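Visitor:
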Amino acid sequence: MKRRTFIKNASLASAGGLTILNFPVFGKNAPSNKVVVAVMGVNSRGAYHAEKFAEIPGVEVAYLCDVEDGAIKKGLSAVKNAARKPVVEKDIRKLVSKNDFDALVIAAPDHWHAPAALLGLANGKHVYVEKPCSYNPQEGEMLIAAQKKYGKTVQVGSQRRSFPTLIEAVKEVRAGLIGNPYMAKAWYTNSRKSIGVGKSIPVPTTLDFDLWQGPAPRKAYQDNLVHYNWHWFWHWGTGEACNNGNHEIDCCRWFLGVDFPSKVTSAGGRYAFKDDWETPDTQIASFEFGNNKTITWEGRSCNSYPIEGSGRGFIIYGDKGTLVNYGGGDYKVYDTANKLVKEIKSNVKADPNNTVSASGNADMYHLSNFIESVRGNATVTASVEEGHRSVLLCHLANIAQRTGTTLQCDPQNGRILNNKAATKLWGRTYEKGWEMTV
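Here the sequence shown is numbered in the numbering used here, starting from 268 and rising by one per residue.
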């Protein structure tokens, strides 16, 4: 996206009542405007974050934090053209104790998201934390409590919440565009290959595996874990539901205007290959809400046949029409006779296979919204409360899947009712010395 076009679109979004970003004509480098950030986890998504935050006027990337030498090289390469050259600090505990930066950006593995965010908040930092904002439901509740306790800005990486076209679409749906929206369907497809059966080998000299595990109880290193395949191990990852389903499920919840579910079911499993992959590669989850609304999610990690011609997206069904999204900022609206009555096109198309940025530079809306919120000029579009409510659905789907049970939940807070096996998965045990407490 060209900068001129981006600024123009962002200005239109601001005129709609939401300040996305602010590029001052004068004094953009003034101390009052400068925001200094540190980025944790820079092998892939975090390197992209470092690059893009460094492009925002008045933002400097002061530190990169990672525990693997190859990732550090990627992170440094991503900001090689930035005016400020960041310092590398491998230990997040040492990083957050420094007082010369304002915000911590977290793109480390899932088991690190909430613990790192808590460390940042407790040390006076604003926090941008990628989805999922928690490894389990308990951590989400703890993050909400920490944000209230320390009073810092927290933005969750649900980027679609900042897309101007979707912000406008939500307003129109709530104003009756498709009547009463009562059902939503989300999906994600990919063609991931087998991860094989891992071999226990010595930890590479380029990796500090103890710091990589951090808050997770210690397990032996194996050769099919780092960098990406940890997603599919319950000990460190949260599966495709929290990895990619989180985005479209969040949009479904946003458009329907629902919070916590009353009932959750999940069907599926590891079907495509026989290997070390533990989480489902095929999953259909259903969420019922007490106000006669429902959401379903279909995840196919190993079969990329699209739905509605797209590898990811969501549909909002109403009693007077239907809205279809294709994973990015574009959407179509149909009436009850299935006639196309409105179409909004986006110059950025979603790419389900892109692990760095599935929605391209449209992410800049979200990153800039975070920076302007830190400056006091805006409010985050994806608060930790909203982030928790959305990823909670994904966690509950996984818990229902792992226990083979239907979950009955308290619609006031989403907590599981009368199910001991499922309740055990609400939180986790931490490595001694890494306990997460507010």
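Think of the CB as a built atom: it goes at the ideal place given N, C-alpha and C, for glycine as much as any other residue.
Every value quoted in this text rests on a predicted model; they were computed, and no experiment measured them.
#1: If you measure between the beta carbons of Lys230 and Val363, is that distance less than 8 Å?
#2: Let me check one thing: in DSSP terms, what residues is Ile562 bridge-paired to?
#3: Name, in chain order, the residues that DSSP records as bridge partners for Met307.
#4: At what residues does the beta strand (DSSP E) containing Glu702 begin and finish?
#5: Cα-Cα, which of Ile583, Glu653, Leu433 and Lys347 is closest to Val421?
#6: Out of curiosity, what's the CA-to-CA distance linking His716 and Ala539?
#7: CB Ala321 to CB Val328, shorter than 8 Å?
#8: At which residues does the beta strand (DSSP E) containing Phe581 begin and terminate?
#9: How far does the alpha helix (DSSP H) with Val363 in it extend, from its first residue to its last?
#10: Taking 6 Å as the limit between beta carbons, can you name the residues of its chain near Ile666, skipping five residues before and five after?
#11: Rounded to the nearest angstrom, what separates Pro469 and His494 at their Cα positions?
#12: Flag this pair as touching only if the region 480 to 491 and the region 558 to 573 have three or more C-beta atom pairs under 8 Å; answer yes or no.
#13: In terms of residues, what are the limits of the beta strand (DSSP E) holding Gln422?
#14: Around the Cβ of Thr456, are there at least 16 other Cβ atoms within 10 angstroms (buried) or fewer (exposed)?
#15: Three-state secondary structure (DSSP) at Glu652?
#16: Leaving aside the five residues before and after Pro573 along the sequence, list all residues of the same chain whose C-beta is less than 7 Å from its C-beta, in chain order.
#17: Should Arg360 be labelled buried (16 or more other beta-carbon atoms within 10 Å of its own) or exposed?
#18: Run through DSSP, which three-state label would Thr210 get?
#19: Is it buried or exposed, Pro291, if we count other Cβ atoms within 10 angstroms and call 16 or more buried?
#20: Ignore the nearest five residues each way along the sequence and tell me which others in Trp479's own chain have a CB closer than 8 Å to its CB.
#21: Tell me whether Ala534 sits in a helix, a strand or coil according to DSSP, three-state version.
#22: With a cut-off of 8 Å on the beta carbons, I'd call Cys676 and Lys530 a contact; round off their distance for me.
#23: Nearest-angstrom Cα distance between Glu507 and Pro404?
#24: Under 8 Å, with one C-beta from each stretch per pair, do the region 542 to 553 and the region 579 to 586 reach the 3-pair mark?
#25: Within 10 Å of its beta-carbon, does Leu288 have 16 or more other beta-carbons around it, so buried, or fewer, so exposed?
#26: Taking all protein chains shown into account, do 16 or more other C-beta atoms lie within 10 angstroms of the C-beta of Thr696, making it buried, or fewer, making it exposed?
#27: From this set, Thr603, Ile516, Lys301 and Lys438, which residue's C-alpha is nearest Gln426's C-alpha?
Guide: Straight from the coordinates:
#1: Here the chain covers residues 268 to 705 and nothing more, so residue 230 does not appear.
#2: Ala451 and Phe554
#3: Cys332 and Ile373
#4: Careful: Glu702 lies outside any beta strand (DSSP E) and carries neither H nor E.
#5: Glu653
#6: An answer regarding residue 716 cannot be provided, because it is not within the stretch 268 to 705 covered by the chain.
#7: yes
#8: Arg579 to Gly585
#9: Ile359 to Val363
#10: Ala689 and Leu692
#11: 16 Å
#12: no
#13: Val421 to Val423
#14: buried
#15: helix
#16: Thr456
#17: exposed
#18: Residue 210 is absent from the model: the chain starts at 268 and stops at 705.
#19: Here the model assigns Pro291 a pLDDT of 39, short of 50, so the residue's position is not dependable, and the following value carries that caveat. Counting Cβ neighbours within 10 Å, Pro291 comes out exposed, since fewer than 16 surround it.
#20: Val334, Glu335, Pro376 and Val493
#21: strand
#22: 7 Å
#23: 16 Å
#24: no
#25: The pLDDT assigned to Leu288 is 42, lower than 50, so where the model puts this residue is not dependable, and the model offers no usable value.
#26: exposed
#27: Ile516
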